[in-house]
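Student: Input: one structure, supplied below.
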Amino acid sequence: MTDNAKKNKARILLLMPKDYQLYTLVVKNLEYLGYEVTLVLTPFDRFRYANFWEPIHHFIRKVCFNDREVKAHLMRRFNKDRQLTAIQAHAPYDYGLVFRCDFFDPDVLQQARKSVETLVAYHYDGLGVSPGVFERIPFFDRFFVFDPSDARQYDLGYATNFYFDYPEPAAAPSPDGKSTIYYLASFHESRNEQVVAFHRYAKEVFDLVTFEMVVSRKDRKKIPRYIKENMIIHRDQIPFEQHLERIKHSSVILDFSISAHRGYSFRVFEALKYKKKLITTNPHIIRAEFYHPHNIYLLDQGTAGIPEFLRKPYVDLPQELVAKYSFSQWVNRMFAI
3 MTDNAKKNKA RILLLMPKDY QLYTLVVKNL EYLGYEVTLV LTPFDRFRYA NFWEPIHHFI
63 RKVCFNDREV KAHLMRRFNK DRQLTAIQAH APYDYGLVFR CDFFDPDVLQ QARKSVETLV
123 AYHYDGLGVS PGVFERIPFF DRFFVFDPSD ARQYDLGYAT NFYFDYPEPA AAPSPDGKST
183 IYYLASFHES RNEQVVAFHR YAKEVFDLVT FEMVVSRKDR KKIPRYIKEN MIIHRDQIPF
243 EQHLERIKHS SVILDFSISA HRGYSFRVFE ALKYKKKLIT TNPHIIRAEF YHPHNIYLLD
303 QGTAGIPEFL RKPYVDLPQE LVAKYSFSQW VNRMFAI
């Protein structure tokens, strides 16, 4: 690429958490669209003491003063300093895009604000479970949430999640024509009962049933025995790209919504992209413009209708409707392009 071509690229500052390595695919899609991307993650890097004296200070504070927060404070400072340095190193930028701004220190967001022409936030969690969001909203030119009820209540922008549309191999069929159902989620007690009940049912209906659950250290003692014995438990998060590979080889995707959420999960749009049937507990799905009863089954109806749902062929939707939920169109809406 010539120097002139590089100069003509729009420059974007991207701030994201490391969760599930979603950022790798966001960067890939932005670069495919022609953006020059500077990525700033949180946490930024593996924590290291800044000098010889910090671990000694940490030890004294912990042992002599029972200060259990001293290391957390050092880690936050370490993280923030490196984020600020990374932002300043490549400033200025044409655009700034922040996923989950509540994960970033206000000082970092302030530096981002100074370094970009347009700063936009996207929040893919309920605002009710992320109280740190509200004090950060004023940093942004536009603030979007994935939950329409949050958008109405707090007068914010509404944007759904999306599917990635950078070039990739075509979706593979289910192996040997077998009916396969796939579910991956973080452990959340609110959906344990539903997950267990459906897993019991799925084993009777599908040829291959794969349920994977990511469980944090604090939740490991809460895992029900049935889940331990019948599902794949992960201590570490599954990279998002690996998850998409599993989606491609499944015939049905399962989506259990958290009760506090009314927005559509990424599973919904992965099903839309790869033309996979979706079984979901999100009751709002039937009002979506892409809803079709042959493609999406609302589990609140019970399981009696699932065999008939599976026998019906997938109905292709208009391409312009599917494209509306691509990352390319999503990012254009973010920046009002």
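If you're matching positions, the sequence shown starts at 3 in our numbering and goes up one per residue.
Ideal placement from N, C-alpha and C gives every residue a C-beta, glycine not left out.
A quick note: this is a predicted structure, and the numbers were derived from the prediction, not measured.
Please go through the same chain and pick out, in chain order, the residues whose beta-carbon is closer than 8 Å to the beta-carbon of F105, but skip the five residues on each side of it.
Tutor: So the list reads P19 and T44, once near-sequence residues are dropped.
Student: For G265, count the other beta carbons within 10 Å of its own beta carbon; 16 or more makes it buried, fewer makes it exposed. Which is it?
Tutor: Classification for G265: buried.
Student: With G231 as the anchor, note down where its alpha helix (DSSP H) starts and where it stops.
Tutor: It is Glu, not Gly, that sits at residue 231 in the sequence shown. Looking at the DSSP string, the run of the alpha helix (DSSP H) that includes E231 is R227 to N232.
Student: Closer than 6 Å by C-beta to Y228: which residues in its own chain qualify, once you throw out the five before and the five after it? Chain order, please.
Tutor: Cβ neighbours of Y228 beyond the five flanking positions: V198.
Student: Quick one: what does DSSP say M3 is sitting in, helix, strand or coil?
Tutor: With a pLDDT of only 37 at M3, under 50, the local geometry of the prediction cannot be trusted, and no value is derived from it.
Student: Return yes when the Cβ of V100 is within less than 7 Å of the Cβ of L17, no when it is not.
Tutor: Yes. Within cutoff.
Student: What did DSSP end up calling Q321 once you bin it into helix, strand or coil?
Tutor: Looking at Q321 - three-state DSSP - the assignment turns out to be helix.
Student: Over the uninterrupted beta strand (DSSP E) stretch that includes T44, give me the two end residues.
Tutor: Element bounds for T44: E38 to T44.
Student: Consult DSSP for I308 and reduce its assignment to one of helix, strand or coil.
Tutor: In this structure, I308 counts as helix in the three-state DSSP scheme.
Student: So, using beta-carbon positions, are V254 and K275 closer together than 7 Å?
Tutor: It is not a contact, given that the beta carbons lie outside the stated cut-off.
Student: For A161, which residues from the same chain have a beta carbon less than 8 Å from its beta carbon, with the 5 sequence-adjacent residues on both sides left out?
Tutor: Hits under 8 Å: Y124, F146, V147, F148, W332, R335 and M336.
Student: Could you work out which residue in P140, I89, I339 and L256 is closest to E214 when comparing CA atoms only?
Tutor: Looking at the Cα atoms, L256 is the closest of the given residues.
Student: Based on DSSP bridge pairs, tell me the residues matched to D120.
Tutor: It is Thr, not Asp, that sits at residue 120 in the sequence shown. BP columns for T120 point to Y97.
Student: Rounding to the nearest angstrom, what Cα-Cα distance links H92 and R144 in this structure?
Tutor: Cα-Cα distance, rounded: 23 Å.
Student: From E322, Y168 and D21, pick the residue whose C-alpha is nearest to that of Y37; which is it?
Tutor: Taking only the C-alpha atoms, the option nearest Y37 is Y168.
Student: Reducing DSSP to helix, strand and coil, say where F337 ends up.
Tutor: Note: F337 maps to coil in three-state DSSP.
Student: Between Y316, P285 and H296, which lies nearest to Q303 when the distance is taken from Cα to Cα?
Tutor: Cα-wise, what sits closest to Q303 is P285.
Student: With DSSP as the reference, label R144 as helix, strand or coil.
Tutor: Of the three classes helix, strand and coil, the one that applies to R144 here is strand, per DSSP.
Student: Starting from the C-beta of N31, find all residues in its chain whose C-beta is less than 6 Å away, skip the five residues before and the five after it, and write them out in chain order.
Tutor: Cβ neighbours of N31 beyond the five flanking positions: F166, Y168 and F329.
Student: Enumerate, from N- to C-terminal direction, the unbroken beta strand (DSSP E) stretches of 3 or more residues contained entirely within the segment 210–290.
Tutor: Runs found: 210–216, 234–236, 254–257 and 279–282.
Student: Pop quiz: Q196 and F258 are said to be a contact at Cβ under 8 Å. What is the actual Cβ separation, rounded to whole angstroms?
Tutor: The pair is a contact, with the Cβ atoms about 6 Å apart (cut-off 8 Å).
Student: By Cβ distance, which residues of its chain are closer than 6 Å to F271, with the 5 residues on each side in sequence left out?
Tutor: Excluding residues within five positions, the ones whose Cβ falls inside 6 Å are N163, F164, Y165 and Y327.
Student: Could you tell me the distance, in whole angstroms, from the CA atom of R248 to the CA atom of I225?
Tutor: C-alpha separation (whole angstroms): 23 Å.
Student: For S117 and H251, what's the separation of their Cα atoms in angstroms?
Tutor: Their backbone Cα atoms lie some 42 Å apart in a straight line.
Student: For D152, I'd like the list of residues in its chain whose CB is within less than 6 Å of its CB, leaving aside the five on either flank, ordered along the chain.
Tutor: L129, listed in sequence order.
Student: Determine the direct distance from the alpha carbon of I89 to that of D83, and round the result to whole angstroms.
Tutor: Using only the alpha carbons, I get a separation of about 10 Å.
Student: Output the boundary residues of the beta strand (DSSP E) element that contains Y184.
Tutor: Taken as a continuous stretch (DSSP letters only), the beta strand (DSSP E) holding Y184 covers T182 to S188.
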